[in-house]
Structure formats: structure tokens, C-alpha cells
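Beneath this line is the structure, given in C-alpha cells, with notes to follow.
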Amino acid sequence: MLDKIGIAKRIAQEVQDGYYVNLGIGIPTLVANYVRDDIEVEFQSENGVLGMGPFPLEGEEDADLINAGKQTITTLPGASFFDSSLSFSMIRGQHVDLTILGAMEVSEEGDIANWKIPGKMVKGMGGAMDLVASAQNIIVAMMHTNKAGESKLLRKCSLPLTGVACVKKIVTNLAVLEVTEDGFKLLERAPGISVEDIKKATEGKLIIEGDIPEMVL
Amino acid sequence: MINKKVANVTEAMQGVKDDMTLMVGGFGLCGIPENAINNLVKMNVKGLTCISNNAGVDDFGLGLLLHKRQIKKMISSYVGENDEFERQMLSGELDVELVPQGTLVERCRAAQSGFPAFFTPAGYGTEVAEGKEIREFNGKMYVLEKAFEADFAFVKAWKGDAAGNLIFKGTARNFNPAMCGSAKITVAEVEELVPVGSLDPNQIHIPGIFVQRIFQGENYEKRIEQLTVRKRL
Chain H
1 MLDKIGIAKR IAQEVQDGYY VNLGIGIPTL VANYVRDDIE VEFQSENGVL
51 GMGPFPLEGE EDADLINAGK QTITTLPGAS FFDSSLSFSM IRGQHVDLTI
101 LGAMEVSEEG DIANWKIPGK MVKGMGGAMD LVASAQNIIV AMMHTNKAGE
151 SKLLRKCSLP LTGVACVKKI VTNLAVLEVT EDGFKLLERA PGISVEDIKK
201 ATEGKLIIEG DIPEMVL
Chain F
1001 MINKKVANVT EAMQGVKDDM TLMVGGFGLC GIPENAINNL VKMNVKGLTC
1051 ISNNAGVDDF GLGLLLHKRQ IKKMISSYVG ENDEFERQML SGELDVELVP
1101 QGTLVERCRA AQSGFPAFFT PAGYGTEVAE GKEIREFNGK MYVLEKAFEA
1151 DFAFVKAWKG DAAGNLIFKG TARNFNPAMC GSAKITVAEV EELVPVGSLD
1201 PNQIHIPGIF VQRIFQGENY EKRIEQLTVR KRL
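Protein sequence lines correspond, in order, to chains H and F. Those letters in the first sequence? Residues 1 to 217, by this note's numbering. Those letters in the second sequence? Residues 1001 to 1233, by this note's numbering.
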């Protein structure tokens, strides 16, 4: 089974040379740490920066330089700043190649829910609805089941939706899955996890074809 | 040069009254108009509708106005870091309209640019689209969203001049440019009010035509919400 860092490492393998990438809050933010260093990638943050670097050294933080998670950051050579409107032009205009974000639920049709639990938690959607409505390539990073042990890969989402038919790939602590017209297609197993384990943890339709390889991290 | 300079925040905020709709720049606590917000607390105006990406934290930014129950309605995209906000919202004391971030900024920009409405794919198929016109373009579905109508816009810039020209710094730019000229009156506060003619016209982010009043801000705290650093080796 993977931990959060394992999920981030596996997703980092999906990032290709020349990609502009938007990372969501939580596990997705960790992905930046594990991208191969022989490829060129630029990270976009929707609050208005392209070319994000690592966190600043102690004492070098700047209140005017944060990411969408409100964390202090640095920029790399070639970086640029812009306003929120231009930032979402990059997103809605499909100039960003890959979006990686977290989710509470994903349906077998690629619907995603990640912004609201009615009556309990209402933090808002931030930029997630804009991102999922437009991105051509969306990878979801999440645990396969919730704290109560219930599957987060469902036939239909039960929570209010963030977007419909948009998720392409999911990397969980148990598996890598592709969202296809017929359901969740199992691509890889996490180390030490069997196909049976994944079947038990998946409520939505799971497609298993041939031998399912174990992830190589 | 048309002079937009006013002496201080009090003069800059003349005309702000109860029940008005205000745009407030910033993302989290980054690039918020601290002087204007603190003065709204002092003026004790009530029944406000605030259009701002976030709602501050419990003891800073718009959180200060929430604490004094000055806000009737918040229009935001993300309100996660504020316990008092969540309490007022879940108890029904505070009316909240959550708007996708890109739609929020574009509703400001539409008001700035003379567009009454626009179609966006964001929110299609979700509760955000309920009751709104949906239209298909080239096989994809879009939601009709309307421009905001606001009385005042409060923005914060790094540098500005008496002509109202503004330059922003880093990610403190965020929502501020799209809010300039999006309300009946735009009030800009700046960290450095510089002499007219000293800003390079090539570098100006917002031309003074979008700004009605500008003043030299004071005592910026510029609080950091999530301090994240690497240890020095």
C-alpha cells in the first residue's frame, strides 16, 4: 500500500517534458518534489504565478509570494506573475497540460466531488470547478477509501459535484486506474496489494483485463 | 494629469454606507487592502455584501468585519480558513454565494469591461449552474454568468502615482487588477505613492483611468497565512 508520498511519486511519473502543470492542495503539491530532473516542467498556481520553485529558505519568505494553498514559495528563472483573470485564461483556454487534484469521490463516469459536504463542511470550490471543466488531462490523487473504510470510487457520486465526466486517471494508495466509457480500468496495483483487495475497495464498475502489473516506483 | 490622490483612508472612503456592495482585492491575506478593511471596521458600516476571493482569517482581513457582524453576504470562491465564517454560515446568520474562482474574477472583469454576462464551462452539471441559462457551443456545455454590480472596489497595489496608475508585486496582484474600474468608485491604496512621471509607462499594470481615488497606505502588516520554509543546511 502507498502512503501520500508514494502516491505523489507515482503521479510524478505521469509528468512529461514540456508540460505546464497545475497542482492542487494536499498530495498534489508533493508531486513537484518527485518529478524527474532531466525534464523541463513549469508549475502554475492559479493565484497568479507560472514557474514556481521550492519553498523559501528560512528568513527569505516573502508575504507577496505565495501559492494557491497560501504557502510561501519561490520562483525559478523564467517565472512570471499575472492576475487572476489571465491565470484562468490559461486554465479555461486549455493552455495548462496537466491538472492534478484531490477528491472526496470519483464516479465511474469521471464525475468528481471535492468541495462540499452538505451541513458539515463548506470550504468552497476555489479554482477546482474551472480546472475540471476545462482541463484535457486530469489526474486525481486520493485514498481509495474514506476514514470509515467506504469506497471513494463510486457508481455515482453522493456529494455535490465539482465537475462531470472529466477525470481521466486516478492514483490511490491501492491502484492506478483509468476512467473509460465502461468504468474504472485497473492499470496497476500498489506494492503488496492484490486485485482482490482493489475489487473489495471499489464500489464502481471495475474492469480487469489480463495480469495487472505492480507499480514500479 | 488628472489628480486622483486623496490625503488619507478616511477621505478615500467617503460615501461608503450601510448595505453597500464592496469588492475587496486579495488572495488569502496576500494583497488585501489592509487600510481600507481596518477603516471599514472603524466606520462600523453594516449590512455589507462583500465580493472577495476569501474571507480572511479569524483575526485579520475580512475576518475582522465578520467578527463585528458587519457583513450580510459574502461572495467568494474559498472560505476554508475561518472558523467564525463557517459558524455564521452554517447557522444561517451569514448569506454566502460560492462562485468558482475563475468565474468570480471574470464577473469582476466583465463589469470592468462592459460585458453584461459571459458563458463559462465552469460549474456545468453542478449546483452552481442551477437556475442559470445553459448553452452548447461546439459540442460543449456552458453556463451563463453575469457581471457584478458593486458600489466600491478596494484594491491594494505596490506602487502607484497621483494619476492612479498602479503596479503590483508578485502574487499580491491576484484579484486586484480585475476589480479596478469594476465598481462605481475604485479606491486604491499603495505601499509607495511615487511622483507622477517616475513610473515607466511600459511597466504599468493598471492605467489610472480605472481608479478614482488613490492614497499612501500605512502600517502594512502583510501577514503570512501558511509560512512554509526549507531548513538551511
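For each residue, glycine too, the CB sits at the ideal point set by N, CA and C. Since the model is a prediction, treat every value here as computed from it, not as a measurement.
- Excluding its 5 nearest sequence neighbours in each direction, Lys1132/F has C-beta neighbours in its own chain below 6 Å: Val1143, Leu1144, listed in chain order.
- In this structure the stretch 1166–1173 of chain F lies against the stretch 1026–1036 of chain F, because at least three pairs of beta carbons, one per stretch, are closer than 8 Å.
- Beta-bridge pairing by DSSP links Ala1150/F to Ala1183/F.
- For Val1079/F, there is no enclosing beta strand (DSSP E), as DSSP marks it with neither H nor E.
- Thr1010/F counts as exposed, since fewer than 16 other beta carbons sit within 10 angstroms of its beta carbon.
- In terms of beta-carbon proximity, Gln1101/F lines the interface with chain H, with at least one pair separated by less than 8 Å.
- In summary, the residues of the stretch 1079–1107 of chain F whose CB is separated from some CB of chain H by less than 9 Å are Val1079, Gly1080, Glu1081, Glu1086, Met1089, Leu1090, Val1096, Leu1098, Val1099, Pro1100, Gln1101, Gly1102, Thr1103, Leu1104, Val1105, Glu1106, in the order they occur in the chain.
- Within the model, the alpha-carbon separation for Glu60/H versus Gly53/H is close to 13 Å.
- Neighbours of Ser80/H in chain F, taken as residues at a C-beta separation under 8 Å, are lacking, since the least C-beta distance is about 11 Å.
- Under the Cβ criterion (8 Å, minimum of three pairs), the stretch 1212–1231 of chain F counts as touching the stretch 1183–1199 of chain F.
- Listed in chain order, the non-local C-beta contacts of Val1006/F below 6 Å within the same chain comprise Ala1012, Arg1213, Phe1215, local neighbours out to five positions each way being set aside.
- The C-alpha of Thr99/H is placed about 22 Å away from the C-alpha of Lys156/H.
- Taking a contact as a CB-CB distance under 8 Å, the pair Asp130/H and Ile91/H counts as one, their CB atoms being some 5 Å apart.
- Setting aside the 5 residues that flank it on each side, Met143/H is surrounded in the same chain by Lys152, Thr172, Asn173, each with a C-beta closer than 8 Å to its C-beta; the list follows chain order.
- The beta carbon of Asp83/H sits closer than 8 Å to the beta carbons of Gly48 from its chain, once the five residues preceding and following it are set aside; these are given in chain order.
- Per DSSP, the continuous beta strand (DSSP E) segment holding Glu105/H begins and ends at 105–107.
- The stretch 98–166 of chain H contains, as complete alpha helix (DSSP H) runs of 4+ residues, the segments 128–134 (chain order).
- A direct Cα-to-Cα measurement between Leu50/H and Ile7/H gives close to 24 Å.
- Straight-line spacing of the CA atoms in Pro1177/F and Ser158/H works out to 38 Å.
- For Lys1169/F, the residues of chain H that pass the 7 Å Cβ criterion are Asp64, in the order they occur in the chain.
- CA-to-CA, the gap between Leu1227/F and Gln71/H works out to about 6 Å.
- Straight through space, the alpha carbons of Val1099/F and Lys1146/F are spaced by roughly 12 Å.
- In the three-state DSSP reduction, Ser1113/F falls in the helix class (H, G or I).
- With a cutoff of 8 Å on beta-carbon distance, Ala1153/F and Leu1166/F are scored as not near each other.
- In the three-state DSSP reduction, Val1057/F falls in the strand class (E or B).
- With 16 or more neighbouring CB atoms inside 10 Å of its own CB, Arg1107/F falls in the buried class.
- Taken atom to atom, the span from the alpha-carbon of Met1/H to that of Pro1207/F is near 55 Å.
- Residues of the stretch 132–150 of chain H with a C-beta less than 8 Å from any C-beta of chain F: Ala133, Ser134, listed in chain order.
- Taken through DSSP and simplified to helix, strand or coil, Pro191/H comes out as coil.
- Spanning the alpha carbons of Ile1071/F and Val35/H requires a straight line of approximately 44 Å.
- In its chain, beyond the 5 residues on either side, Thr99, Leu101, Ile112, Ile138, Thr162, Gly163, Cys166, Val167 have a beta carbon closer than 8 Å to the beta carbon of Val132/H.
- Residue nearest to Phe1085/F within the set Ser1076/F, Gln1101/F, Leu1066/F is Leu1066/F (criterion: CA-CA distance).
- Counting along the chain, Pro1100/F sits inside no beta strand (DSSP E), nor does DSSP assign it H or E at all.
- In this model, Gln136/H and Val1045/F are separated by some 46 Å (Cα to Cα).
- In its chain, beyond the 5 residues on either side, Phe1119, Met1141, Tyr1142, Leu1144 have a beta carbon closer than 8 Å to the beta carbon of Arg1135/F.
- In the same chain as Ala12/H, and ignoring 5 residues on each side of it, the C-beta atoms closer than 7 Å to its own belong to Val31, Tyr34, Val35, in chain order.
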